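The numbering used here numbers the first residue of the first sequence as 12 and each following residue consecutively. Read the structure below first, then the notes.
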Amino acid sequence: MERKVRVRFAPSPTGPLHIGGVRTALYNYLFARQHGGTMILRIEDTDSQRFVPGAETYIMEALQWCGIEIDEGITEGGPYAPYRQSERKAIYLKYALQLVEAGWAYYAFDTAEELNALRADFEARGETFAYNATIREKLATSLSLPATEVQRRIDCGDQWVIRFRMPENEEIHMHDLIRGDVVVNTATLDDKVLYKSADALPTYHLANIVDDHLMEVSHVIRGEEWLPSLPLHYLLYKAFGWSDTQPEFAHLPLLLKPTGGGKLSKRDGDKMGFPVFPLFWTSPVTGETAHGYREDGYFPEAFINMLALLGWNPGTEQEMFSMDELIQNFSLSRVSKSGARFQPEKAKWFNAQYMHHKSDAELAELFQVILREHNITASNEQAGKAASIMKERATFITDLWDLASFFFVAPSVYEEKQVKKYWKAENAAILRELGSVLSDIDDFSLENTEHIVHGWIEEKGYSLGQVMNTLRLALVGAGKGPGMYEVTSFIGKEECLKRIDNLMTNLQPTA
RNA sequence: GGCCCAUUCGUCUAUCGGUUAGGACGCAAGAUUUUCAUUCUUGAAAGAGCAGUUCGAUUCUGCUAUGGGCUACCA
12 MERKVRVRFA PSPTGPLHIG GVRTALYNYL FARQHGGTMI LRIEDTDSQR FVPGAETYIM
72 EALQWCGIEI DEGITEGGPY APYRQSERKA IYLKYALQLV EAGWAYYAFD TAEELNALRA
132 DFEARGETFA YNATIREKLA TSLSLPATEV QRRIDCGDQW VIRFRMPENE EIHMHDLIRG
192 DVVVNTATLD DKVLYKSADA LPTYHLANIV DDHLMEVSHV IRGEEWLPSL PLHYLLYKAF
252 GWSDTQPEFA HLPLLLKPTG GGKLSKRDGD KMGFPVFPLF WTSPVTGETA HGYREDGYFP
312 EAFINMLALL GWNPGTEQEM FSMDELIQNF SLSRVSKSGA RFQPEKAKWF NAQYMHHKSD
372 AELAELFQVI LREHNITASN EQAGKAASIM KERATFITDL WDLASFFFVA PSVYEEKQVK
432 KYWKAENAAI LRELGSVLSD IDDFSLENTE HIVHGWIEEK GYSLGQVMNT LRLALVGAGK
492 GPGMYEVTSF IGKEECLKRI DNLMTNLQPT A
């Protein structure tokens, strides 16, 4: 029988979620939805040192913005609550001790200083220190010390950790849904810490396996940086006797810096001029801020579409995917194996595509926000229409002000280059004439105005470009913009004449 | 250093032994246009190297090179 699909996204609240994390969450979500499964959000806050306040809220807000829905989590609740590991503290010690009793783990009493000294010694001799079978019985561990001494140390409050006792020489055969079969010999691995008495908290490895088991997680979809610890995780399932319900694993390729040379990190954003975070972030510790896709004007759909295709492809030439289409088409077998460089340019392109496909109503709502910021009152119809006329030229919704403000405000400055080209004595004469032609038009609709004005231009034998660009200078103030009749019909006769008059009275034509 | 993963145009990628190696971003040229854009057309642009398996390798295997990850009482 096919197991019920349950996946989890398990971030650590050590800062804002970056786009690599968002993609991991997305793939988990797509996989869950496609299989009618459950998406869990588990907060892995077992590192009390690196905890950052606000990070947890940020993560949830970011996922929500992206449209990644959580079925079970710290705010949603669920049958396996709590979903925050710090609140599950009481659970883990029992499991760590179970491993000690079974001989799969042992107590170690080394202090951080002792370990550092040991590492330094090894390094001085040109060797690499590894806490493993060659050394564990020579150190202060429950493997070398008499049981009574171990108990005495624990009782008198000495700090200890529980380490996994890595088998000396055993081949671990693993399977990854993306990479296929992987084999590692345990001789190359070391005895990882599973639990520390200092803060009574497990490390990632223990907490992760215990929680995935208890929460009945069926598939672990995570970043490639976890591949090296997969043998440990296999062994932990085995040690607990949970191998038969062990989840399947899929290790995702990493997101790399646009320039190559390493995985995308939180610092790259401002350095290279693109956001690495979904949302704007202010560090509560340093006060540093970082750009976010949301605040930079990206649509969540575009952001998700772009992210989905970084490391996965449908095998067809389709590029535009809604979330529903992604859910339908996603498959782990089509996730690529090698790291993908992040492409800021492609992200922009995706956003522009979504911009071009927005309906007037959607644009109206978005554009109104910007208009209000500039103290402009406009109807939704006006806002939508102006945005719709200019959207082809925009990449971000925030571009719209520069692009379309002339629909609402008369130009206060005139672009120098256009003035030079189109504001000579003859242009002024033509514009005066055009003004009177316009003032005689009753039906100021786009079609009618065009019909009449073009008739007049033909009759007079003027150059179309000269007339229209002179008018453009008066109405827009610049050498860009939509067809002039879009503008005339939008702003209306009265405003047209006013702007023409403005130009005539305020600016002397050049010779 | 050790272990693991990867390697097709500049970038993201298609190809599941036989293709003129396809698409997209970006770039260039042309067309369209009353301006700026958009749009359309076209173009330049790739199998890391060396062996092997095979009638035939981008595709399978090995080696080398390169890139990346991990190597914490961090996740």
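Glycine included, every Cβ here is placed at the ideal spot set by N, Cα and C. Every value quoted in this text rests on a predicted model; they were computed, and no experiment measured them.
Sort out for me which residues DSSP pairs L212 with in a bridge. K207
Taking the alpha-carbon positions, what's the P325 to T256 distance? 30 angstroms
Leaving out the 5 sequence neighbours to the left and right, which residues in its chain are closer than 8 angstroms to E461 when beta-carbon positions are compared? Y496
So, is D6 buried or exposed, given that buried needs 16 or more other C-beta atoms within 10 angstroms? Outside the displayed span of the chain (12 to 522) sits residue 6, for which this structure offers no information.
Let me know the secondary structure DSSP gives T86 once reduced to three states. coil
Got a sec, what are the start and stop residues for the beta strand (DSSP E) R163 sits in? No beta strand (DSSP E) contains R163, which is instead part of the alpha helix (DSSP H) from A158 to D166.
Between S399 and the rest of its own chain, which residues show a CB-CB distance below 7 angstroms, the 5 nearest in sequence each way excluded? D371 and L374
Which word fits S500, buried or exposed, when buried means at least 16 other C-beta atoms lie within 10 angstroms of its C-beta? buried
Neighbour-count burial assignment, C167, 16 or more Cβ in a 10 Å radius: exposed
I think H216 touches E235, with their Cβ atoms under 8 angstroms apart; what is that distance to the nearest whole Å? The pair is not a contact, with the Cβ atoms about 17 angstroms apart (cut-off 8 angstroms).
Pick from A158, N362, D307 and A144 that is closest to L290, judged by C-alpha positions: D307
Between V193 and A415, what straight-line distance do the alpha-carbon atoms span, to the nearest angstrom? 57 angstroms
Taking the C-alpha atoms as reference points, what is the distance between A144 and P178? 8 angstroms
Local Cβ density within 10 Å of G2, reported as buried at 16 or more and exposed below that: Outside the modelled stretch of the chain, which goes from 12 to 522, sits residue 2, for which no answer is possible.
Contact defined as beta carbons within less than 8 angstroms: I believe L267 pairs with G350. What is the distance between those atoms, to the nearest angstrom? 5 angstroms
In the DSSP assignment, what residue or residues form a beta bridge with T293? T300
Where do the ends of the alpha helix (DSSP H) carrying V464 lie? L457 to K471
Range of the contiguous beta strand (DSSP E) that encloses R19: R17 to F20
Same chain, Cβ closer than 7 angstroms to P87, neighbours up to 5 away in sequence not counted: A small fix is needed here, since residue 87 is Glu in this sequence, not Pro. So the list reads I81, once near-sequence residues are dropped.
In whole angstroms, what separates the C-alpha of T300 from that of L28? 14 angstroms
Answer yes or no: do A211 and K100 have a C-beta to C-beta separation smaller than 8 angstroms? yes
Do you know how far the Cα of M50 is from the Cα of N39? 7 angstroms
With DSSP collapsed to three states, give me the class of M366. helix
Threshold first: 3 residues or longer. Then list the beta strand (DSSP E) segments lying entirely within the stretch 207–277, N to C. 230–234 and 259–263
Measuring CA to CA, which of P520, L205, L225 and D222 is closest to R176? L205
Other residues of its chain near V231: CB distance less than 6 angstroms, five sequence neighbours each side excluded: P258 and F260
Coil, strand or helix - N180 by DSSP: coil
Go ahead and pull the three-state DSSP assignment for G65. coil
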